[in-house]
Amino acid sequence: MDLDSFASMLASQMNRPAVPIRQQLDTLKRLGIRLTPEQEEGFLSQSARYEDPAYAAILTELGAADSDQVYAFDAEVTQRSTMYRDLIGALLRLTGGELDLQDVRESGENADLEGPGGTWRVSFTLNGHPYQYDADFLGDWLDVNVLAFLNSTLEKEKIKKRFLTVDDFNIQGVVVFFRTPEWGRFFSAGTQLAVKGC
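Quick note, my numbering runs 12 ahead of the 1-based positions in the sequence shown.
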């Protein structure tokens, strides 16, 4: 993304109007996001906290819970030795068993642990086919480009769904859904949030 495109995206995100909490919840439900009565009541009882910036806090909170619909994570990790296995395990919960990645491994043998620098290898098998990704080693930070690699793997395997990420500066970290690109476009139209992976 060039600087002009980034500036334009940032300006549009900063000028997005607040959205009433009831409207946000209704939009998310129309998009198929399930909310428990307790979650809904919690959001409604603290509406000011969730209305501006619209959708950011709701999605982050839903994704931080043990959800099978949305996953929110910070790219900074506490356990470097299993950072990609932990991420893949959380992403697999979103798939409801549709994906069966086997033999998930990671190795930092090509990483400069004092650096950061070098690469951190992530490998797995999907549908009997081996895949590997050499993530940039960023110390205690995930190389979130692993999500694009996973999506390219899904495309090769002719799997229709993708790991879609919400691209919004109001959201600290990454919010991920496992849905079709078409759903991602509906989500973006309904929430005015940019989605990658569509």
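C-beta atoms are modelled at their ideal positions from N, C-alpha and C, and glycine is treated no differently. Computed from a prediction, not measured in an experiment: that's the story for all the values here.
{"Check": "Quick one: what does DSSP say Arg255 is sitting in, helix, strand or coil?", "Outcome": "As displayed, the chain neither begins before 13 nor continues past 210, which places residue 255 out of reach and without an answer."}
{"Check": "Quick check: Val186 and Val207, are their CB atoms within less than 8 Å of each other?", "Outcome": "no"}
{"Check": "What does DSSP give as the partner residues of Tyr145 in its beta bridges?", "Outcome": "Val134"}
{"Check": "So the candidates are Gly196, Asp124 and Asp115; which of them puts its Cα closest to the Cα of Val82?", "Outcome": "Gly196"}
{"Check": "Could you pull the DSSP bridge partners for Arg97 from this structure?", "Outcome": "The partner list for Arg97 (beta bridge, DSSP) is empty, contrary to what the question assumes."}
{"Check": "By alpha-carbon positions, which one of Gln184, Asn139 and Leu162 ends up nearest to Phe175?", "Outcome": "Leu162"}
{"Check": "For Asp80, which residues in the same chain have their Cβ closer than 8 Å to its Cβ, ignoring the five residues on either side in sequence?", "Outcome": "Arg105, Leu106 and Gly108"}
{"Check": "Please classify Leu75: is it buried, with 16 or more other beta-carbons within 10 angstroms of its beta-carbon, or exposed?", "Outcome": "For the sequence presented, residue 75 should be read as Gly rather than Leu. Classification of Gly75: buried, given that the 10 Å Cβ count is 16 or more."}
{"Check": "Using the three-state DSSP reduction, which class does Asp115 fall into: helix, strand or coil?", "Outcome": "strand"}
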